[in-house]
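Colleague: In this note's numbering, the protein residues as written are 19 to 328. Below is the structure I would like to discuss, written out as structure tokens.
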Amino acid sequence: MRDGRPMHIRDMFEKHRTTFSFEFFPPKTAEGADSLFAEIAALEQLKPTFVSATYGAGGSTRELTRELVVRIKRETSLTPVPHLTCVCQDDRVVGEILEQYAREGITNILALRGDPPAGMEGYDPASDHFEYAAELVKFIREFGEKGNHPDKRGFGIGVAGFPEGHPGCPNRMAEMEHLKAKVDAGADAIITQLFFDNRDLYDFRDRCELAGIKIPIIAGVMPITSVKGMRRMAELALGARYPAPLMRALNRTDGSNEAVRRVGVHWATEQCRDLLDHKAAGIHLYTLNKSTATREIYRTLGVKDSLALA
Ligand code: FAD
19 MRDGRPMHIR DMFEKHRTTF SFEFFPPKTA EGADSLFAEI AALEQLKPTF VSATYGAGGS
79 TRELTRELVV RIKRETSLTP VPHLTCVCQD DRVVGEILEQ YAREGITNIL ALRGDPPAGM
139 EGYDPASDHF EYAAELVKFI REFGEKGNHP DKRGFGIGVA GFPEGHPGCP NRMAEMEHLK
199 AKVDAGADAI ITQLFFDNRD LYDFRDRCEL AGIKIPIIAG VMPITSVKGM RRMAELALGA
259 RYPAPLMRAL NRTDGSNEAV RRVGVHWATE QCRDLLDHKA AGIHLYTLNK STATREIYRT
319 LGVKDSLALA
């Protein structure tokens, strides 16, 4: 927030050398929401630049995502950024969601294509109104250009980037063209898929520069906190490589959750330290709705909050 108003994503990078943001997913129950808001209260003290809320596959958490974002906006000092996917959704539905967010004072959106819900037989993306995220970015930009948002720049728009490549596009040269298409359509920043080897991020950053992509790249970092969580992430973030030194460190443990968590949080902290050294535009921490690992990362970095890094 700035002067009591939520900040447009473009302004964030003027204010912060490195932005720090946290990602949550919408809880399905009232108890889940209460427990998340207890974690959010702890994380609020770290003064993140923004926090984001995911959108379930095929729009399955449409209402829950909106409720979470609105509650964060009303009850905390944080700037919430909803994720919005366009798979299986038409322009009317997406238009309604944008109108709601504009009314509720939301200033930024992470625009994604999304993946179809698991088990959806015979799904053909070409039958969707928006086939790729670039079309959703254009739609959101035009929504702002028509004067539908109180900020005359319209919504700030983030898009996804994949340092190790998106599993759906084996042609890595074409992939950079697809990313450039999202930027040309109006994206203001890129948030990356999680990765465990910073060299992947630095090479991606260089390839973006060579492709003429000049918007800030926010690095996605996920502290491993359990073996189960790691396996789940390997399924969700398809293509993410678990480097041998990380696997060796995990193999040295007795396999208990506490030992795995210590190795995972240490690894993520080192990633963050190195990203700060390499002047990353931003760091986006996948919190899995818990605050402990994130707080430990700040403590080990020796900083009180994100503003100490601004
Ligand atoms: P796109 O940019 O449309 O790309 C999808 C694929 O199509 C890529 O392989 C791309 O190279 C290819 N492509 C793009 N344009 C063209 C073209 N013109 N011709 C041919 N091929 C093309 N998913 C959710 O469901 N909910 C979430 O909340 C969510 N949050 C995410 C947050 C982050 C930071 C990231 C990195 C991912 C997130 N995802 C989420 C996952 C994401 O939706 C999927 O990985 C999806 O498959 C790709 O989305 P995209 O926006 O990158 O799609």
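Ideal Cβ placement from N, Cα and C applies to all residues, glycine included.
Which residues in the same chain as residue 245 place their Cβ atom closer than 6 Å to its Cβ, once the five residues preceding and following it in sequence are excluded?
Modeller: Along the sequence shown, one-based indexing puts residue 245 at 227. Answer for residue 245: 278, listed in chain order.
Colleague: Which full runs of the alpha helix (DSSP H) of 4+ residues lie inside the stretch 55 to 87, going along the chain?
Modeller: none
Colleague: Suppose you measure from the CA of residue 137 to the CA of residue 326; what does that come to, to the nearest Å?
Modeller: Here residue 137 is taken as the residue at index 119 of the sequence shown, counted from 1. Here residue 326 is taken as the residue at index 308 of the sequence shown, counted from 1. Going from the Cα of residue 137 to the Cα of residue 326 covers about 46 Å.
Colleague: When you compare each of 114, 109 and 63 to residue 81 by their alpha carbons, which one comes out closest?
Modeller: By one-based count along the sequence shown, residue 81 stands at place 63. Residue 81 has its Cα closest to that of 114, out of 114, 109 and 63.
Colleague: Out of 34, 105 and 87, state which residue places its alpha-carbon closest to the alpha-carbon of residue 98.
Modeller: Looking up residue 98 in the sequence shown gives position 80. Cα-wise, what sits closest to residue 98 is 87.
Colleague: Would you identify the three-state DSSP class for residue 310, choosing helix, strand or coil?
Modeller: Residue mapping note: residue 310 aligns to position 292 of the sequence shown, counting from 1. Residue 310: helix per DSSP, three-state reduction.
Colleague: Could you check whether residue 205 and residue 31 sit closer than 8 Å to each other, using their CB atoms as the reference points?
Modeller: In the sequence shown, counting from the first residue as 1, residue 31 sits at position 13. In the sequence shown, counting from the first residue as 1, residue 205 sits at position 187. Taking 8 Å as the Cβ cut-off, residue 31 and residue 205 do not qualify as a contacting pair.
Colleague: Could you check whether the Cβ of residue 223 sits closer than 7 Å to any heavy atom belonging to the ligand FAD?
Modeller: The residue you call residue 223 lines up with position 205 of the sequence shown. Checking every heavy atom of the ligand FAD against the Cβ of residue 223, none is found closer than 7 Å.
Colleague: Within 10 angstroms of its Cβ, does residue 95 collect 16 or more other Cβ (buried), or is it exposed?
Modeller: The sequence position of residue 95 within the sequence shown is 77, counting from 1. By the neighbour-count rule (16 or more Cβ atoms within 10 Å), residue 95 is not buried but exposed.
Colleague: Which whole runs of the alpha helix (DSSP H) in the stretch 143 to 170 are 4 residues long or more, in chain order?
Modeller: 151 to 163
Colleague: Under a three-way DSSP split, which group does residue 126 fall into?
Modeller: If you number the sequence shown from 1, residue 126 lands on position 108. Residue 126: strand per DSSP, three-state reduction.
Colleague: If you draw a straight line from the C-alpha of residue 316 to the C-alpha of residue 218, how long is it?
Modeller: Position 298 of the sequence shown, counting from 1, holds the residue named residue 316. Position 200 of the sequence shown, counting from 1, holds the residue named residue 218. Roughly 23 Å between the two C-alpha positions.
Colleague: What whole-angstrom Cβ distance do residue 125 and residue 173 have, given they're in contact under 8 Å?
Modeller: Within the sequence shown, numbered from 1, the residue matching residue 125 stands at position 107. Within the sequence shown, numbered from 1, the residue matching residue 173 stands at position 155. Indeed they touch by this definition, with Cβ atoms about 7 Å apart.
Colleague: Compute the Euclidean distance between the alpha carbons of residue 319 and residue 182, then round it to the nearest angstrom.
Modeller: Stepping through the sequence shown from its first residue, residue 319 is reached at position 301. Stepping through the sequence shown from its first residue, residue 182 is reached at position 164. Spanning the two alpha carbons is a distance of roughly 26 Å.
Colleague: List the residues that DSSP assigns as beta-bridge partners of residue 212.
Modeller: Looking up residue 212 in the sequence shown gives position 194. Partner(s): 238.
Colleague: Here's the rule: buried if 16 or more other CB atoms are within 10 angstroms of the residue's CB, otherwise exposed. What is residue 178?
Modeller: Here residue 178 corresponds to residue number 160 of the sequence shown, with the count starting at 1. Around the CB of residue 178, 16 or more other CB atoms lie within 10 Å, so the residue is classed as buried.
Colleague: Check each candidate in 128, 147, 274 and 24 and name the one with the smallest Cα separation from residue 110.
Modeller: Sequence index remark: in the sequence shown, residue 110 carries index 92 (1-based). Residue 110 has its Cα closest to that of 147, out of 128, 147, 274 and 24.
Colleague: With a threshold of 7 Å, establish whether the CB of residue 199 neighbours any heavy atom of the ligand FAD.
Modeller: By 1-based counting over the sequence shown, the position of residue 199 is 181. Taking 7 Å as the cut-off, the C-beta of residue 199 counts as close to a heavy atom of the ligand FAD.
Colleague: Between which two residues does the beta strand (DSSP E) containing residue 98 stretch?
Modeller: Within the sequence shown, residue 98 is the residue found at index 80, counting from 1. Taken as a continuous stretch (DSSP letters only), the beta strand (DSSP E) holding residue 98 covers 98 to 103.
Colleague: I'd like the span of the alpha helix (DSSP H) that includes residue 282, first residue to last.
Modeller: Taking the first residue of the sequence shown as position 1, residue 282 is located at position 264. Unbroken alpha helix (DSSP H) run through residue 282: 275 to 295.
Colleague: Using only alpha-carbon positions, find the residue among 286, 293, 216 and 243 that is nearest to residue 306.
Modeller: Working through the sequence shown from its first residue, we reach residue 306 at position 288. Here the closest residue by C-alpha is 243.
Colleague: Give me the residue from 310, 149, 301 and 313 with the minimum Cα distance to residue 35.
Modeller: The residue given as residue 35 occupies position 17 in the sequence shown. Measuring from the Cα of residue 35, the nearest candidate turns out to be 301.
Colleague: What is the rounded straight-line gap between the Cα of residue 93 and the Cα of residue 56?
Modeller: Working through the sequence shown from its first residue, we reach residue 93 at position 75. Working through the sequence shown from its first residue, we reach residue 56 at position 38. Approximately 12 Å between the Cα atoms of the pair.
Colleague: Should residue 193 be listed as close to the ligand FMN, given that the test is whether its C-beta is under 7 Å from any heavy atom?
Modeller: As presented, the structure is devoid of the ligand FMN, carrying the ligand FAD as its sole ligands.
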